[in-house]
Amino acid sequence: MPELPEVEVVRRGLERGVAGRTIAGVTVTHPRAVRRHLAGADDFTARLAGRTVAAVRRRGKYLWLPLDSGEALTGHLGMSGQLLVVPADSPAQKHLHVRLRFTDADRPGARELRFVDQRTFGGLLVVPDGDPVPPLLAHIARDPLDPAFDDDAFVAGLRRRRTGVKRALLDQTLVSGLGNIYADETLWRARLHGERPTDLLTRPAARRLLGHARDVLTEAIAAGGTSFDALYVSADGVSGLFERSLDAYGREGRPCRRCGTPVRREAFMNRSSASCPRCQPRPRPARR
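Here's what the structure looks like:
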């Protein structure tokens, strides 16, 4: 599933391609793509027609496009969703579900916004009060790259929890944007096992962990995100290259880049965790 770096790369592409443009019309070809818009596909298209996209914003893994009506087009990519800015006259993609045409569609080289989703787990909807944050997304914490992120509050919240550090990193009410891939990468850099108790972390250790998270996310964005297959691409249809820089995730059995010990894979919350047995030793049961 796309995580913060992938969604941020998409956001930047959308900002270049659709911000400031006026929507001429919308076509929904698969109702599941707008199933979260409870008023239905006709209402969805009516609310967007004639509206101008004011900006493109992100909170964690969610995107929203504030409109000049005060509402916002909100989207989640799910497992395989793609928001593509493509030439208006290009052939329809196999799993094209929604297309937004703009008022300059007749201009040579004009482009349109398309939502493509092979597995149909993602979706779009129009919500009220799109600025600064739609109420639908207000419960999601800021991410480490957000200028308003509160480092002190994160450290205090992390150390108050009585859970494993990886579970805490995946808690979107504490910090957003870190999914399984980037949590594993952050913990590898911090030399922490995912089961390390959060309430036993020192404040300096918690701050170092946050710093590693920022570094991982920043580097992943610079590389265009992580693409394991063709399901994730940028708004321009380009795959990310951060897979080449992964130190833990997806490297089961391969030597740790730091010490050479084979990377291990462990079951974790119906998923898996990747870590180095030597650099990230499993914590001993703590006496409480």
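Residue numbers are given in full-length UniProt numbering: position 283 of the sequence shown equals residue 283, and the series is strictly consecutive. Where a beta carbon is used, it is the ideal one built from N, C-alpha and C, also for glycine. Quantities reported herein were computed from a predicted structural model and do not represent experimental measurements.
CB-CB under 7 Å to residue i, same chain, minus the five flanking residues each way: which ones, in chain order?
| i | result |
| --- | --- |
| residue 96 | 29, 114, 116 |
| residue 190 | 208, 209, 212 |
| residue 67 | 51, 52, 53, 54, 73, 130 |
| residue 139 | 173 |
| residue 13 | 85, 234, 235, 236 |
| residue 221 | 5, 8, 9 |
Of all the options the options, which has the alpha carbon lying nearest to the alpha carbon of residue i?
| i | options | result |
| --- | --- | --- |
| residue 99 | 240, 34, 66 | 34 |
| residue 72 | 111, 11, 129 | 129 |
| residue 265 | 41, 258, 273 | 273 |
| residue 262 | 111, 269, 249 | 249 |
| residue 90 | 236, 104, 111, 83 | 111 |
| residue 93 | 237, 166, 39, 279 | 237 |
| residue 259 | 276, 251, 268 | 276 |
| residue 58 | 147, 69, 219 | 147 |
| residue 267 | 243, 180, 103, 107 | 180 |
| residue 182 | 127, 151, 245 | 245 |
Residues in the same chain with beta-carbon distance under 6 Å from residue i, minus the five sequence neighbours each way, listed in chain order, please.
| i | result |
| --- | --- |
| residue 149 | 142 |
| residue 118 | 80, 95 |
| residue 241 | 223, 224 |
| residue 56 | 11, 14, 15, 19, 65 |
| residue 188 | 247, 248 |
Would you decide whether residue i is buried or exposed? Buried here means 16 or more other CB atoms lie within 10 Å of its CB.
| i | result |
| --- | --- |
| residue 11 | buried |
| residue 186 | buried |
| residue 5 | buried |
| residue 44 | buried |
| residue 87 | exposed |
| residue 125 | buried |
| residue 75 | buried |
| residue 38 | exposed |
| residue 254 | exposed |
| residue 3 | buried |
From residue i to residue j, what does the alpha carbon distance come to, in whole angstroms?
| i | j | result |
| --- | --- | --- |
| residue 169 | residue 15 | 28 Å |
| residue 27 | residue 48 | 11 Å |
| residue 8 | residue 145 | 10 Å |
| residue 63 | residue 32 | 18 Å |
| residue 25 | residue 101 | 5 Å |
| residue 61 | residue 177 | 6 Å |
| residue 184 | residue 121 | 24 Å |
| residue 197 | residue 155 | 13 Å |
| residue 41 | residue 205 | 49 Å |
| residue 175 | residue 109 | 40 Å |
| residue 82 | residue 231 | 8 Å |
| residue 23 | residue 69 | 12 Å |
| residue 153 | residue 228 | 34 Å |
| residue 133 | residue 271 | 30 Å |
Below 8 Å CB to CB, which residues in the same chain sit around residue i once its five sequence neighbours on both sides are set aside?
| i | result |
| --- | --- |
| residue 199 | 159, 160, 161, 162 |
| residue 281 | 193 |
| residue 195 | 164, 165, 166, 282, 283 |
| residue 251 | 263, 274 |
| residue 279 | 188, 191, 256, 258, 259, 261 |
Exercise for review: Mind listing, in chain order, the continuous beta strand (DSSP E) runs of no fewer than 3 residues lying wholly within the segment 104 to 176?
Suggested key: Entirely contained in the segment 104 to 176, the beta strand (DSSP E) runs reaching 3 residues are, in chain order, 111 to 117, 123 to 127.
Point to revise | alpha helix (DSSP H) runs contained entirely in the segment 19 to 54, provided each spans 4 or more residues | key: List check, alpha helix (DSSP H) in window: 41 to 48.
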